[in-house]
Amino acid sequence: MNDVSYEDDLRLAHVLADQVDGLTMSRFRSGDLKVETKPDMSPVSDADRGAEELIRGQLSRLRSRDAVLGEEFGESGGGSRKWVIDPIDGTKNFVRGVPVWATLIALMDGDDVVMGMVSAPALQRRWWAAKGAGAWTGRNLTSATQMHVSGVRKLEDASLSYSSLDGWRDRETLEEFLDLTDICWRTRAYGDFWSYMLVAEGTVDIAAEPELELYDMAALVPIVTEAGGTFTDLNGEPGPFGGNAIVTNGLLHEQALEVLAAKAR
Numbered sequence: 269m270n271d272v273s274y275e276d277d278l279r280l281a282h283v284l285a286d287q288v289d290g291l292t293m294s295r296f297r298s299g300d301l302k303v304e305t306k307p308d309m310s311p312v313s314d315a316d317r318g319a320e321e322l323i324r325g326q327l328s329r330l331r332s333r334d335a336v337l338g339e340e341f342g343e344s345g346g347g348s349r350k351w352v353i354d355p356i357d358g359t360k361n362f363v364r365g366v367p368v369w370a371t372l373i374a375l376m377d378g379d380d381v382v383m384g385m386v387s388a389p390a391l392q393r394r395w396w397a398a399k400g401a402g403a404w405t406g407r408n409l410t411s412a413t414q415m416h417v418s419g420v421r422k423l424e425d426a427s428l429s430y431s432s433l434d435g436w437r438d439r440e441t442l443e444e445f446l447d448l449t450d451i452c453w454r455t456r457a458y459g460d461f462w463s464y465m466l467v468a469e470g471t472v473d474i475a476a477e478p479e480l481e482l483y484d485m486a487a488l489v490p491i492v493t494e495a496g497g498t499f500t501d502l503n504g505e506p507g508p509f510g511g512n513a514i515v516t517n518g519l520l521h522e523q524a525l526e527v528l529a530a531k532a533r
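If you count by the working numbering, then the sequence shown holds residues 269 to 533, one letter each, in order.
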């Protein structure tokens, strides 16, 4: 076990998720949902901004010494501890009425992501982990099942999930990615946070995306790794700092990286 316990922070993350779930579900499929286009051409709704404001307000009251980094309002505060928030991961799904979206809440202590929470109320699912305490899924802390990644050892037996092909084309590695899809037993585009949670649950073996931000990834890292998986960027560097991600059950990691890096050889 760790010398530092993040149990209180995990409890707080559940409280925050409960509150945000109420807000986001009240706006989901709402006839008066306001949607705008950000400078990067991605959509943002009043629910995204309202959810982040709610979390920031609670953190300013309960964790006033901690920094906060969020997708919609940037970074504020200082100190070695930082909460990283994606108020709605899967906004395009949210605005179209597709139930695959979630609020991501992470806590970093220095460069180490020590706690992650993924709450997907429209799916009635929640996943969480704190460093050294395992990865769990359930409705709350007292009603949960521990998660473990799969034991699949060959790409030919593996299930692969991704979000879209555009980013691979922009990265000029679409051919390599398609090679990986051809080798794997099964490929489905579950997308966004869900791909990684399925890896943590052991129902999918590999997930990868070529373009991501820290707030897209931070909450996922401890959940995947505490479930026994491996989370790196496409260069094989651990953690959520490389601008992209490949996540596996660990047994398949080097094999998958080798296929995706074929152009470099």
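Note that beta-carbon positions come from the ideal geometry of N, C-alpha and C, so glycine has one too. Only a predicted model underlies this, so the values are computations on that prediction, with no experimental measurement involved.
DSSP on Gln392, reduced to helix/strand/coil?
Working through the sequence shown from its first residue, we reach residue 392 at position 124. Three-state result, Gln392: coil.
Identify every run of the beta strand (DSSP E) within the segment 345-419, keeping only runs that are complete inside it and at least 3 residues long; order them along the chain.
With a minimum length of 3 residues, the continuous beta strand (DSSP E) runs that stay inside the segment 345-419 are 349-357, 370-377, 380-388, 393-398, 403-408 and 411-414.
Return the chain-ordered list of same chain residues with a C-beta closer than 8 angstroms to the C-beta of Gly497, the five sequence neighbours on each side being excluded.
In the sequence shown, the residue the question calls residue 497 occupies position 229. Excluding sequence neighbours, Gly497 sits near Val417, Val467, Ala468, Val515, Thr516, Asn517 and Gly518.
By DSSP's criteria, Ser294 is part of a beta bridge. Which residues make up the other side?
Indexing the sequence shown from 1 puts residue 294 at position 26. Its beta-bridge partners do not exist; DSSP assigns none.
With DSSP as the reference, please indicate the residues paired to Leu428 in a beta bridge.
Translated into positions along the sequence shown, residue 428 becomes position 160. BP columns for Leu428 point to Thr455 and Ile474.
CB Gly362 to CB Ala397, shorter than 9 angstroms?
Walking along the sequence shown from the start, residue 362 turns up at place 94. Walking along the sequence shown from the start, residue 397 turns up at place 129. First, the amino acid is wrong: residue 362 is Phe here, not Gly. Against a cut-off of 9 angstroms, the Cβ pair of Ala397 and Phe362 comes out as no contact.
In whole angstroms, give me the CA-to-CA distance for Glu339 and Ala370.
Along the sequence shown, read from residue 1 onward, the residue named residue 339 stands at position 71. Along the sequence shown, read from residue 1 onward, the residue named residue 370 stands at position 102. Approximately 13 angstroms between the Cα atoms of the pair.
Apart from the five residues on each side of it in sequence, which residues of its chain come closer than 7 angstroms, Cβ to Cβ, to Asp357?
Along the sequence shown, one-based indexing puts residue 357 at 89. Correct list, in chain order: Trp369, Ala370, Leu372, Asp460, Phe461 and Asp484.
Please classify Ile490: does DSSP put it in a helix, a strand, or coil?
Counting from one through the sequence shown, the residue named residue 490 turns up at place 222. It is Pro, not Ile, that sits at residue 490 in the sequence shown. Reduced to three states, the DSSP call for Pro490 is helix.
Starting from the C-beta of Asn448, find all residues in its chain whose C-beta is less than 7 angstroms away, skip the five residues before and the five after it, and write them out in chain order.
Stepping through the sequence shown from its first residue, residue 448 is reached at position 180. First, the amino acid is wrong: residue 448 is Leu here, not Asn. Result list for Leu448: Leu428, Ala524, Val527 and Leu528, in chain order.
Name the residue from Val381, Leu423 and Glu479 whose alpha carbon lies nearest to the alpha carbon of Ser348.
Stepping through the sequence shown from its first residue, residue 348 is reached at position 80. Ser348 has its Cα closest to that of Val381, out of Val381, Leu423 and Glu479.
Where does the unbroken alpha helix (DSSP H) through Phe461 begin, and where does it stop?
Counting from one through the sequence shown, the residue named residue 461 turns up at place 193. That run of the alpha helix (DSSP H) goes Asp460 to Glu469.
According to DSSP, is Ser332 part of a helix, a strand, or is it coil?
On the sequence shown, residue 332 is found 64 positions in, with the first residue counted as 1. It is coil, neither helix nor strand.
If you draw a straight line from the C-alpha of Trp404 to the C-alpha of Leu280, how long is it?
The residue you call residue 404 lines up with position 136 of the sequence shown. The residue you call residue 280 lines up with position 12 of the sequence shown. Going from the Cα of Trp404 to the Cα of Leu280 covers about 16 angstroms.
Does the distance from the CB of Glu477 to the CB of Ser411 come in under 9 angstroms?
Here residue 477 corresponds to residue number 209 of the sequence shown, with the count starting at 1. Here residue 411 corresponds to residue number 143 of the sequence shown, with the count starting at 1. Not closer than 9 angstroms, so no.
Can you tell me whether Ala539 is buried or exposed, with buried defined as 16 or more other CB within 10 angstroms of its CB?
Residue coverage of the chain in this structure runs from 269 to 533, which leaves residue 539 outside it and unanswerable.
Given that a residue counts as buried once 16 or more other Cβ atoms are within 10 Å of its Cβ, and exposed if not, what is Asp277?
Here residue 277 corresponds to residue number 9 of the sequence shown, with the count starting at 1. With 16 or more Cβ atoms within 10 Å of its Cβ, Asp277 is classed as buried.
May I ask which residues mark the beginning and end of the beta strand (DSSP E) holding Val312?
Residue mapping note: residue 312 aligns to position 44 of the sequence shown, counting from 1. From DSSP, the beta strand (DSSP E) with Val312 extends over Pro311 to Ser313.
Consult DSSP for Ala513 and reduce its assignment to one of helix, strand or coil.
For the purposes of this step, residue 513 is taken as residue 245 along the sequence shown, with counting starting at 1. Strand at Ala513.
Going straight from the alpha carbon of Val283 to that of Lys360, what length do you get?
Here the question's residue 283 lines up with position 15 in the sequence shown. Here the question's residue 360 lines up with position 92 in the sequence shown. Going from the Cα of Val283 to the Cα of Lys360 covers about 26 angstroms.
Does the contact criterion of 3 or more C-beta pairs under 8 angstroms hold for the segment 286-296 versus the segment 318-334?
Flag = yes, the segment 286-296 and the segment 318-334 touch.
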